[in-house]
Amino acid sequence: MVNGNIHSDLIVQAAKETDIKEVKLTAKKRLVERKIDRLVFNVENSVSAQGGDAMDALKLTPGVRIQGDEIKLSGKSSVKVMVNDRIIQLSGDDLYNYLKSIPVANIRKIEVITNPPAQYDAEGNSGLINIQLKEVTQDNWKVTLRSVYQQATYATFLHAVGLTYKKDKFSALVDLNYQYGKNIYTNDINYYYPNEHWNNNIYNRNHQKNLGIVMNLKYNLTKRSSIGTQLISSFSNNTSDEFNNNFSRNYTDGAVIKNYKTEGMSSGKPKNVSLNVNYTLDLDDKGKKFSVDADYFNGVSPKDNNFSSLLQDFEGNSSENQFAINNSHQDIKNYSLKADVELPGSWADFAFGVKATSTTTDNKVDSKFYNKIDESLLSSQADHFLYKENLQMIYISVLKHFGEKWDVKAGLRGENTQTNANSFSVNQEIKRNYFKIFPTAYVSFKPNEDHVLSLNFGRRIQRPGFWEMNPARWYMSPKSYTEGNPFLQPAYSYNIEFNYSYKSLLNLSLFNSNKRDGYGQVTVHDIMNDSQAFKRLNYFDSSSLGGSLSFNYDLFSWWNTATEVSAYYNELNPKIDLFSNFYSGWGGYTTSTNTFSLNKKKTFLATLYYEYNYPAVQGIINSSSSSTLNIGFRSLLFNKKLTVGLNFDDIFRKNLTLYNNRSQDINQTFLQYYDTRQFRVSLTYKFGSTKLSMEERETGNQDEKNRSN
Numbered sequence: 002m003v004n005g006n007i008h009s010d011l012i013v014q015a016a017k018e019t020d021i022k023e024v025k026l027t028a029k030k031r032l033v034e035r036k037i038d039r040l041v042f043n044v045e046n047s048v049s050a051q052g053g054d055a056m057d058a059l060k061l062t063p064g065v066r067i068q069g070d071e072i073k074l075s076g077k078s079s080v081k082v083m084v085n086d087r088i089i090q091l092s093g094d095d096l097y098n099y100l101k102s103i104p105v106a107n108i109r110k111i112e113v114i115t116n117p118p119a120q121y122d123a124e125g126n127s128g129l130i131n132i133q134l135k136e137v138t139q140d141n142w143k144v145t146l147r148s149v150y151q152q153a154t155y156a157t158f159l160h161a162v163g164l165t166y167k168k169d170k171f172s173a174l175v176d177l178n179y180q181y182g183k184n185i186y187t188n189d190i191n192y193y194y195p196n197e198h199w200n201n202n203i204y205n206r207n208h209q210k211n212l213g214i215v216m217n218l219k220y221n222l223t224k225r226s227s228i229g230t231q232l233i234s235s236f237s238n239n240t241s242d243e244f245n246n247n248f249s250r251n252y253t254d255g256a257v258i259k260n261y262k263t264e265g266m267s268s269g270k271p272k273n274v275s276l277n278v279n280y281t282l283d284l285d286d287k288g289k290k291f292s293v294d295a296d297y298f299n300g301v302s303p304k305d306n307n308f309s310s311l312l313q314d315f316e317g318n319s320s321e322n323q324f325a326i327n328n329s330h331q332d333i334k335n336y337s338l339k340a341d342v343e344l345p346g347s348w349a350d351f352a353f354g355v356k357a358t359s360t361t362t363d364n365k366v367d368s369k370f371y372n373k374i375d376e377s378l379l380s381s382q383a384d385h386f387l388y389k390e391n392l393q394m395i396y397i398s399v400l401k402h403f404g405e406k407w408d409v410k411a412g413l414r415g416e417n418t419q420t421n422a423n424s425f426s427v428n429q430e431i432k433r434n435y436f437k438i439f440p441t442a443y444v445s446f447k448p449n450e451d452h453v454l455s456l457n458f459g460r461r462i463q464r465p466g467f468w469e470m471n472p473a474r475w476y477m478s479p480k481s482y483t484e485g486n487p488f489l490q491p492a493y494s495y496n497i498e499f500n501y502s503y504k505s506l507l508n509l510s511l512f513n514s515n516k517r518d519g520y521g522q523v524t525v526h527d528i529m530n531d532s533q534a535f536k537r538l539n540y541f542d543s544s545s546l547g548g549s550l551s552f553n554y555d556l557f558s559w560w561n562t563a564t565e566v567s568a569y570y571n572e573l574n575p576k577i578d579l580f581s582n583f584y585s586g587w588g589g590y591t592t593s594t595n596t597f598s599l600n601k602k603k604t605f606l607a608t609l610y611y612e613y614n615y616p617a618v619q620g621i622i623n624s625s626s627s628s629t630l631n632i633g634f635r636s637l638l639f640n641k642k643l644t645v646g647l648n649f650d651d652i653f654r655k656n657l658t659l660y661n662n663r664s665q666d667i668n669q670t671f672l673q674y675y676d677t678r679q680f681r682v683s684l685t686y687k688f689g690s691t692k693l694s695m696e697e698r699e700t701g702n703q704d705e706k707n708r709s710n
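Heads up: the sequence shown is residues 2 to 710, going by the numbering used here.
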């Protein structure tokens with residue numbers, strides 16, 4: 002008699018007249034597996050991740066790179082994170098803090114999806130990371146307490162509490178975190194004009210207070226159906242002390258010609274509230290499923306930026322003293338409804354679904370400049386920008402197995418879009434209506450258990466962020482401002498990938514990506530008025546060709562290394578006169594995460610992480626080399642209930658990149674620093690049951706929320 006899940010365990014029961022004994026044989030999965038449309042990292046088989054959290058596990062996952070609190074995938078401009086197939090509606094520090102709350106002990110595997118299939122939105126040249134938690138077989142509860150002290154230039158603190166609970170048909174997850182402290186940002190900018198050299202030194206001291214809330218409730222109506230709700234909110238109160246010293250020198254003797262000094266403070270209290278209600282029905286015991294998701298998202302972002310400036314012209318022997326008051330308010334509301342059906346069968350596995358979203362973005366900006374001496378009004382500008390977007394989507398996907406070696410998967414997704422952009426200050430209204438098809442295709446060949454080869458193709462769309470289309474100007478100084486563009490068009494990308502895996506040791510990925518009508522920020526110089534405008538434009542077509550090779554191996558029983566080498570070649574063809582005809586060049590990086598077990602019980606671990614970014618050509622920008630060296634220690638105490646961590650990041654302060662490009666025949670350089678050299682002490686204490694995990698819900702409006710940031 003055989004019982005159990007054939008994919009995870011095998012139970013053989015042998016009966017005798019006088020006794021019954023049970024022998025359990027467990028087939029251990031490989032650490033890394035290659036599926037037809039994703040790579041799977043079986044975290045539960047990784048000793049190196051023991052005692053850590055989801056962020057620690059991601060650092061060991063092939064193809065995933067962690068830079069500070071940012072998660073990256075090789076060859077992708079962005080990444081979305083899911084838990085149990087349901088997207089987490091957080092970004093930045095909020096996402097980082099939430100993933101730090103998920104213990105490795107609760108994680109079964111991590112899936113890396115670099116070319117998402119048809120059931121996922123076609124938005125963005127992005128990949129997906131899906132964290133699968135372990136299943137629960139009995140009622141449990143658990144409380145996790147976390148505290149983190151981080152010291153860079155200034156100190157930052159994090160305090161959090163997490164509760165998971167399951168009783169009978171009801172389960173709940175609640176996670177609260179509060180982060181506060183200060184950090185700095187600096188930028189050294191140089192503009193080399195024909196007759197003078199401008200140098201702009203920016204120093205921002207940021208004060209942050211952030212409250213994050215995640216709550217999931219689920220109730221099993223029957224053995225095959227459940228209803229759930231998810232609430233994710235973040236509330237911030239941020240201020241920034243901003244100092245901007247901008248001066249010009251002539252090329253003959255280096256004498257200062259002009260000097261613009263700006264000091265000010267910006268403040269904002271953004272808040273985001275996301276609500277999801279979902280229903281899932283298992284149609285049979287063979288995997289057929291029907292699900293419905295209804296979503297609501299509201300993001301409100303008020304911002305003030307007040308500054309004073311002293312403008313001195315030493316050649317003209319003149320000066321001007323002024324101050325500015327900038328106010329902006331953005332309100333985004335999104336509604337979404339989607340339904341999905343999964344129908345695995347003996348001939349093939351089918352999936353199809355529909356989705357509809359509606360988004361309204363209301364933006365208001367008001368800027369005034371005054372003479373600081375007599376407080377007379379010098380200039381002003383105000384704008385009210387209203388943007389509406391509706392999308393209707395449908396998809397179908399088919400997976401077919403040809404024997405034990407060949408798999409083929411194909412999908413088709415259609416998205417219909419209607420937009421209406423209205424700028425009341427200039428009485429301008431822009432309407433668009435378009436329908437686009439997004440195909441995906443995958444082929445996988447597995448000659449034996451040690452080798453897997455796969456090839457995939459996909460087409461995707463990159464819609465502008467809602468804020469990128471707001472034409473109102475936002476001033477950083479009297480001589481520098483940003484503005485959006487209501488005429489921005491979506492960009493389209495065509496991606497091809499080849500993947501090869503050898504056991505759990507090697508993973509090779511080769512990719513080619515072509516983008517059409519790409520958009521981004523460009524610097525427009527007004528030499529006569531010594532000013533710079535940062536504008537959003539559709540200005541290029543581009544292509545990139547590259548690859549990555551990752552290696553995960555236990556060099557010794559006490560030493561594991563996860564190393565990745567990546568290289569790429571970019572070409573960009575500008576479509577506007579601001580830039581020269583053609584840009585091309587190489588780039589790449591090397592990362593290595595080494596984990597050392599310092600005792601036999603493997604409860605005292607050390608990590609050594611090194612990253613080196615090679616000089617690169619990224620579109621119109623050339624970047625210098627940079628590197629990072631991190632050292633960490635992790636100790637599991639009191640039967641692994643208490644975890645103590647100590648980390649030293651960017652020890653030699655080499656995570657600095659110099660960017661340079663040429664616009665309007667003017668060379669410009671940027672040297673930015675994000676306060677990355679720091680040390681961190683963390684404490685995590687768990688009590689209660691240790692086997693409970695909780696599903697996260699993939700909401701239907703995640704792409705709209707990403708575009709609100």
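Yeah, the Cβ is synthetic: ideal placement off N, Cα and C, and Gly gets one too.
When the beta-carbon positions are compared, Y396 and Q120 come within less than 7 angstroms of each other. Apart from the 5 residues on each side of it in sequence, L222 sits with its Cβ closer than 7 angstroms to the Cβ of I228 in its chain, given in chain order. In the structure shown, the three-state DSSP call for L96 is helix. In this chain, the beta strand (DSSP E) harbouring K304 covers K290 to D314.
Per the coordinates, the alpha-carbon of G412 lies some 17 angstroms from the alpha-carbon of L129. When rounded, the separation of the alpha-carbon atoms in E316 and F308 is 25 angstroms. Take L599, set aside five residues on each side of it, and the residues of its chain with a beta-carbon closer than 8 angstroms to its own are W559, F605, L606 and A607, in chain order.
Judged by DSSP in its simplified three-state form, W348 adopts coil rather than helix or strand. Distance from the CA atom of D94 to the CA atom of S237, rounded to whole angstroms, is 11 angstroms.
The alpha-carbon separation between T644 and L146 amounts to approximately 10 angstroms.
Taking one beta carbon from each stretch, the stretch 442-453 and the stretch 407-427 have 3 or more pairs nearer than 8 angstroms; the two touch.
Cα atoms of S75 and D518: separation of roughly 22 angstroms, rounded to the nearest angstrom. Of the residues assessed, Y540 falls on the buried side of the cut-off, its CB having 16 or more other CB atoms within 10 angstroms. For L59, the enclosing alpha helix (DSSP H) has its first and last residue at A55 to L61.
Exposure of D666 is indicated by the presence of fewer than 16 other C-beta atoms within 10 angstroms of its C-beta. By alpha-carbon distance to I103, the top candidate from R654, Y166, D54 and K168 is D54. Setting aside the 5 residues that flank it on each side, L159 is surrounded in the same chain by V149 and Q180, each with a C-beta closer than 6 angstroms to its C-beta; the list follows chain order. Inter-residue distance for A357 and L392 is about 6 angstroms (C-alpha atoms, whole angstroms).
Given a length threshold of 3 residues, each whole run of the beta strand (DSSP E) inside the stretch 67-144 is given here in chain order: 71-74, 79-84, 108-114 and 127-134.
For M56 against N131, the beta-carbon gap comes to about 15 angstroms, at or over 8 angstroms, which does not count as contact.
Nearest Cα to N98 within the set S359, V215 and H330: V215.
For the pair G547 and S127, the Cα-to-Cα distance works out to about 16 angstroms. In the three-state reduction of the DSSP assignment, E45 falls in the helix class, which pools H, G and I.
The bridge partners DSSP lists for M216 are V175 and L232. The continuous beta strand (DSSP E) containing I431 extends over residues Q429 to N449. Around Q331, the same chain offers S302 and N364 as residues with beta carbons nearer than 6 angstroms, after the five sequence neighbours per side are excluded.
Counting only runs of 4+ residues, no alpha helix (DSSP H) is found wholly inside the stretch 543-613. Checking the DSSP bridge columns, you'll see K356 partnered with K339 and M394.
Assignment of beta-bridge partners to Y501 by DSSP yields L454 and L509.
For the pair M470 and P487, the CB atoms are nearer than the 7 angstroms cut-off. Per DSSP, T154 is not a residue of any beta strand (DSSP E), being assigned neither H nor E. For G689, the enclosing beta strand (DSSP E) covers residues Q679 to G689. The way I'd put it, the stretch 279-294 does touch the stretch 341-353; three or more beta-carbon pairs between them come closer than 8 angstroms.
In chain order, S329, D384 and A473 place their CB closer than 6 angstroms to the CB of V366, counting only its own chain and leaving out the 5 sequence neighbours on each side. Distance check between F351 and each of F557, P118, K183 and A123 places P118 closest, using alpha-carbon atoms only.
In this structure N614 is buried. Its beta-carbon is surrounded by 16 or more other beta-carbon atoms within 10 angstroms.
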